[in-house]
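Asks: Pasting a structure here, questions to come.
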Amino acid sequence: MSPLSKQPISSFDRGISGRVKAVRVTGTDGTVYITGNKLRSALTLNSTLLDIEVIAPAQKALEFDITDSYGDRWKKEVPVNLPPQKHETFLNEKSVIHRITGRTTESIVFTGFGWGHGIGLSQWGAKAMAEIAPKGDTTYFREILKHYYQGVDIKKAY
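Residue 197 is where the sequence shown ends in the working numbering, and the numbering goes up by one at each step.
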């Protein structure tokens, strides 16, 4: 799908945890929907809990057509002074990069939040809790599970 339209990435479908379930990408050849997991895999992202921001380079000046009350027309250029971008740019090893505006200064910023699939238990959080467990306590795993899955009863069922 190339080139992308001016509003290329829109319409996030998010799950209850805020993770991207699907995203709509629009180009001149049409629109495609990409699942969050396919997006995560294709871009080697750590999680589908993310935000996407398309940043096109700002113009140095805006040009306006002006018509006065006598019908005379002319153009006026107004300078635009914006602070510089503060995003760092990382390129994955992708063989082809498609630009939205055609300018080399544009960027798409993916802001991720965490790791994993978002099903409730943080591996690193559980590890940290296990490391502070009382020495020799072989049942502390129950405290960890109760922390992440509140309101559950843990019972031996066999």
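Don't be surprised by glycine CBs; every beta carbon is placed ideally from N, CA and C.
1) Among GLU102, ASN85, MET168 and LYS195, whose alpha-carbon lies nearest the alpha-carbon of LYS114?
2) Below 8 angstroms CB to CB, which residues in the same chain sit around LEU84 once its five sequence neighbours on both sides are set aside?
3) Given GLY57, which residues of its chain have a CB within under 7 angstroms of its CB, disregarding the five upstream and five downstream residues?
4) To the nearest angstrom, how far is the alpha carbon of ASP176 from that of ALA165?
5) Leaving aside the five residues before and after PHE180 along the sequence, list all residues of the same chain whose C-beta is less than 8 angstroms from its C-beta, in chain order.
6) Report the residue from GLN189, ALA100, VAL93 and TRP163 whose alpha carbon sits nearest the alpha carbon of PRO118.
7) Considering only residues of the same chain and omitting the five flanking positions on each side of ASN76, which have a CB-CB separation below 8 angstroms?
8) Between which two residues does the alpha helix (DSSP H) harbouring TYR187 extend?
9) Closest to GLY159 by CA distance: which of LEU82, HIS186 and VAL93 is it?
10) VAL59: buried (16+ other C-beta within 10 angstroms of its C-beta) or exposed?
11) Cα-Cα, which of ASP90, VAL64 and THR65 is closest to ARG53?
12) For VAL191, is the classification buried or exposed, using 16 other Cβ atoms within 10 angstroms of its Cβ as the cut-off for buried?
13) VAL71: buried (16+ other C-beta within 10 angstroms of its C-beta) or exposed?
Replies: In short, the structure shows the following:
1) Along the sequence shown, read from residue 1 onward, the residue named residue 114 stands at position 75. Taking only the C-alpha atoms, the option nearest LYS114 is GLU102.
2) The count along the sequence shown starts at 1 and reaches residue 84 at position 45. LEU78, PHE149 and GLY151.
3) One-based indexing of the sequence shown puts residue 57 at position 18. Closer than 7 angstroms at Cβ, skipping near neighbours: LEU88.
4) If you number the sequence shown from 1, residue 176 lands on position 137. If you number the sequence shown from 1, residue 165 lands on position 126. Distance between the alpha carbons of ASP176 and ALA165 is about 15 angstroms.
5) Counting from one through the sequence shown, the residue named residue 180 turns up at place 141. Contacts found: ALA169.
6) What you label residue 118 is simply residue 79 of the sequence shown in a count that begins at 1. Among GLN189, ALA100, VAL93 and TRP163, the Cα nearest to that of PRO118 is on ALA100.
7) Working through the sequence shown from its first residue, we reach residue 76 at position 37. Cβ neighbours of ASN76 beyond the five flanking positions: THR87.
8) Along the sequence shown, one-based indexing puts residue 187 at 148. Segment 180 to 187, the alpha helix (DSSP H) holding TYR187.
9) What you label residue 159 is simply residue 120 of the sequence shown in a count that begins at 1. Residue HIS186 holds the alpha-carbon nearest to the alpha-carbon of GLY159 among LEU82, HIS186 and VAL93.
10) Reading the sequence shown from its first residue, position 20 is the one you call residue 59. The C-beta of VAL59 has 16 or more other C-beta atoms within 10 Å across all chains shown, which makes the residue buried.
11) Within the sequence shown, residue 53 is the residue found at index 14, counting from 1. If we check each option's Cα against that of ARG53, ASP90 comes out closest.
12) The residue you call residue 191 lines up with position 152 of the sequence shown. With fewer than 16 Cβ atoms within 10 Å of its Cβ, VAL191 is classed as exposed.
13) Start at 1 with the first residue of the sequence shown, and residue 71 comes out as number 32. Exposed, by the Cβ-count rule.
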